[in-house]
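Chains as they are written, first to last, in my numbering: chain A, 25 to 143; chain B, 22 to 350.
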Amino acid sequence: MELLGLYNYWAFAVVLMTGLYAVITKGNLIKKLIGLSIFQSAVFLLYITMNKVDGGTAPIVQKGVTDQVFSNPLPQVLILTAIVVGISTTALGLAIVVRIKESYGTIEEHEIQNLDRDS
Amino acid sequence: MVILFAVFLLTLLVLTAVAIVRTENLFVAVMLTGIFSLLMAANFFVLDAADVALTEAAIGAGITTVLFLGALALTAEHEKSVSAGRWLSMGVVIVTTLVLIYATFDKPRLGDPQAPVHLHVAPWYLDKTPEIIGIPNVVTAVLGSFRGYDTLGELFVVFTAFIGVLFILSGRRGRHLPSNGRASSSTDQGLGHHLIPKVVGRLLIPFIVLFGFYVQFHGEYGPGGGFQAGAIVAAGIILYALLEGETQALKVVPPPALMGMVVGGAVLYGAVGIAGIVLGGNFLDYSVLADNPVTGQQIGILIIELGVGIAVCGALLSIFHAFAAREPS
Numbered sequence: 025m026e027l028l029g030l031y032n033y034w035a036f037a038v039v040l041m042t043g044l045y046a047v048i049t050k051g052n053l054i055k056k057l058i059g060l061s062i063f064q065s066a067v068f069l070l071y072i073t074m075n076k077v078d079g080g081t082a083p084i085v086q087k088g089v090t091d092q093v094f095s096n097p098l099p100q101v102l103i104l105t106a107i108v109v110g111i112s113t114t115a116l117g118l119a120i121v122v123r124i125k126e127s128y129g130t131i132e133e134h135e136i137q138n139l140d141r142d143s
Numbered sequence: 022m023v024i025l026f027a028v029f030l031l032t033l034l035v036l037t038a039v040a041i042v043r044t045e046n047l048f049v050a051v052m053l054t055g056i057f058s059l060l061m062a063a064n065f066f067v068l069d070a071a072d073v074a075l076t077e078a079a080i081g082a083g084i085t086t087v088l089f090l091g092a093l094a095l096t097a098e099h100e101k102s103v104s105a106g107r108w109l110s111m112g113v114v115i116v117t118t119l120v121l122i123y124a125t126f127d128k129p130r131l132g133d134p135q136a137p138v139h140l141h142v143a144p145w146y147l148d149k150t151p152e153i154i155g156i157p158n159v160v161t162a163v164l165g166s167f168r169g170y171d172t173l174g175e176l177f178v179v180f181t182a183f184i185g186v187l188f189i190l191s192g193r194r195g196r197h198l199p200s201n202g203r204a205s206s207s208t209d210q211g212l213g214h215h216l217i218p219k220v221v222g223r224l225l226i227p228f229i230v231l232f233g234f235y236v237q238f239h240g241e242y243g244p245g246g247g248f249q250a251g252a253i254v255a256a257g258i259i260l261y262a263l264l265e266g267e268t269q270a271l272k273v274v275p276p277p278a279l280m281g282m283v284v285g286g287a288v289l290y291g292a293v294g295i296a297g298i299v300l301g302g303n304f305l306d307y308s309v310l311a312d313n314p315v316t317g318q319q320i321g322i323l324i325i326e327l328g329v330g331i332a333v334c335g336a337l338l339s340i341f342h343a344f345a346a347r348e349p350s
């Protein structure tokens, strides 16, 4: 039961490295971006795991309740804005991929490199 | 009981991540990404982060999936497998995973109240928010007031990404006008000829938009705020665009209005900061906005959340239209 308290961190490690694997081995640029967003989600999971307090609840103060334990609001604030920034950067990446497809006719990394070498 | 549920959700999360990476059909991968985000949102909710769960469900599962599908429609649906260097990178990744797992044994256990992260400034925010800001949701208070500079910066990151996408995707293959006789393209038609999506979608859209407004204006009392509300309203209008066609959606919210929303929202946020200086306080100090400092804080947070909501909604819709308006090459 003691070790079960670390399960969140193990899931974080595996998901993080799954995303990294997609980024470094996949040649398809969209697959690379998907890997990047998995990597990013894993970091969110790490932060949110740290905000949990035993017996706590979401940090919304209720009137007249004084003995309630609250989870830590700070990691939540950081990650809330990070999610919105994450979609913005993903959108920018996808826009660049679309332009690469229009210029090269492919979004496979090795084919793009071959085209660059030939020209 | 809760921990068993959490373990179940996390295991599903890991399996989904592995499945996303393994599949070579990008359409399947994108659909699995939506499931991944929904599982992630459920995990956040189990971990007491209601605001973050709402954001992840609206943005991760909703808007990201639509943007990836839009990009797939313009590129290719299948990836070509590359085998070079696969085992080497697999080895590196496995070794790094083991090192990370070894490092977790030094971490505080999940939910430990004595973990260092809970002992520094977090109790101060929880104690002082009712006194200084006077609103129940501590996350909104920290986001809007205590860390207002940070949120302003994040809003400008969204703004910059919006400008970037418009720069990259406008141009020769850009907008096709409805008058030039190309109304037969798939983005113009939408899903209007499918009866069930049309009926169900039309029923849902008003409620999605209404819920977005609720999340916007109730963000001080419950989970929610400008970022979530902007994404939810944008999702409602994107659903409309998918059902009725791109052209029809652009008639409802025309591109100049979208530009105005993004710029106006960001300017509204900045203007509240400047108003603080003019009235004798610091930049983004809301206490001086009213006679009573606590009322001033509440007014300030309400206005900046409105600015965030409008700007995020406009930016996400503009990005969606930039992808949808492009002809496949």
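Backbone N, C-alpha and C define an ideal beta-carbon position, used for all residues, glycine too. Fair warning: this is a prediction, and the values are worked out from it, not measured in the lab.
Among B/Gly321, B/Lys128 and B/Gly247, which residue has its Cα nearest to the Cα of A/Val101? B/Gly247
Under 8 angstroms from the C-beta of B/Gly240: neighbouring residues of chain A: Residues of chain A passing the Cβ test: none, with the nearest at roughly 11 angstroms.
Measure the C-alpha to C-alpha separation of B/Phe89 and B/Val120 and round it to an integer number of angstroms. 33 angstroms
Using a Cβ cut-off of 8 angstroms, which residues of the stretch 34–52 of chain B contact any Cβ in chain A, in chain order? Leu34, Val35, Ala38, Val39, Ile41, Val42, Leu47, Ala50 and Val51
Does the stretch 125–135 of chain A come into contact with the stretch 167–185 of chain B, if we say contact requires no fewer than three beta-carbon pairs (one atom in each stretch) closer than 8 angstroms? no
Using 8 angstroms as the threshold, is the stretch 27–47 of chain A in touch with the stretch 56–65 of chain A, meaning 3 or more CB pairs across them? yes
So with CB distances below 9 angstroms, who are the chain A contacts of B/Glu265? Within 9 angstroms Cβ-Cβ: nothing; B/Glu265 doesn't reach chain A, min ~23 angstroms.
Of the listed residues B/Leu59, B/Ala262 and B/His342, nearest to B/Ala74 (C-alpha basis): B/Leu59
Apart from the five residues just before and just after B/Ala62, which ones in its own chain have a Cβ nearer than 6 angstroms to its Cβ? Ala74, Glu77 and Ala78
Does B/Phe89 have its Cβ less than 8 angstroms from a Cβ in chain A? yes
How many whole angstroms separate the CB atoms of B/Tyr307 and B/Gly297, which I take to be in contact at a CB cut-off of 8 angstroms? 6 angstroms
Does any residue of chain A have a CB that is nearer than 8 angstroms to the CB of B/Phe29? no
Starting from A/Leu69, find everything on chain B with Cβ-Cβ shorter than 9 angstroms and list it in chain order. Leu31, Leu34, Met61, Asn64, Phe65 and Leu68
If you measure from the beta carbon of A/Gln100 to each beta carbon in chain B, is any gap under 8 angstroms? yes
Grab me the residues of B/Pro294's own chain with a C-beta within less than 6 angstroms of its C-beta, minus the 5 sequence neighbours each way, in chain order. Inspection of the sequence shows that residue 294 of chain B is occupied by Gly rather than by Pro. The residues are Phe304 and Leu305.
Taking the alpha carbon of B/Val315 as the reference point, which residue from B/Pro151, B/Thr96 and B/Met111 has its own alpha carbon closest? B/Pro151
Contact set for B/Gly202: own chain, Cβ-Cβ below 6 angstroms, skip 5 residues either direction: Here B/Gly202 scores only 41 on pLDDT, less than 50, and its place in the model should not be relied on; the value that follows carries that caveat. Nothing listed; no residue qualifies.
Along chain A, which residues have their Cβ under 7 angstroms away from the Cβ of B/Asn158? Ile84
A/Thr81 - partner residues in DSSP beta bridges: A/Phe94
Take B/Gly302 and list the residues in its own chain whose beta-carbon comes closer than 8 angstroms to its own, dropping the five residues that flank it on each side. Ser308 and Val309
Whole-number beta carbon distance between A/Thr81 and B/Asp69, since they are thought to touch under 8 angstroms: 6 angstroms
Starting from the C-beta of B/Val87, find all residues in its chain whose C-beta is less than 7 angstroms away, skip the five residues before and the five after it, and write them out in chain order. Ile259 and Phe341
Apply the 10 Å Cβ neighbour rule to B/Met22 and answer buried if 16 or more other Cβ atoms are within range, or exposed otherwise. exposed
Just the C-alpha distance for B/Arg130 and A/Tyr71, rounded to the nearest angstrom, thanks. 14 angstroms
Leaving out the 5 sequence neighbours to the left and right, which residues in its chain are closer than 7 angstroms to A/Lys76 when beta-carbon positions are compared? Ser95
So, for B/Ser205: in the same chain, excluding its five sequence neighbours on each side, which residues have a beta-carbon less than 6 angstroms away from its beta-carbon? Confidence at B/Ser205 is low in this model, with a pLDDT of 46, below 50, so its placement is unreliable and no value can be given for it.
Proximity test, Cβ basis, 8 angstroms: A/Thr114 and chain B: yes
Going by alpha carbons, who is nearest to B/Glu102 out of A/Gly51, A/Gly29, A/Tyr33 and A/Tyr31? Here residue 102 of chain B turns out to be Ser, not Glu, going by the sequence shown. Closest by alpha carbon: A/Gly51.
Any beta carbon of chain B sitting closer than 8 angstroms to that of A/Gly88? no
Contact set between A/Ile72 and chain B, taken where Cβ atoms lie within less than 8 angstroms: Asn64, Phe65, Leu68, Ala70 and Val73
In terms of residue numbering, what span does the alpha helix (DSSP H) encompassing B/Met52 cover? Leu47 to Val67
For B/His215, name the three-state secondary structure that DSSP assigns. coil
In or out: B/Pro244 buried (at least 16 other Cβ within 10 Å) or exposed? buried
Are the C-beta atoms of A/Leu30 and some chain B residue less than 8 angstroms apart? yes
DSSP state of B/Gly245 mapped onto helix, strand, coil: coil
When the Cβ atoms of the stretch 320–340 of chain B are set against those of the stretch 231–241 of chain B, are three or more pairs found closer than 8 angstroms? yes
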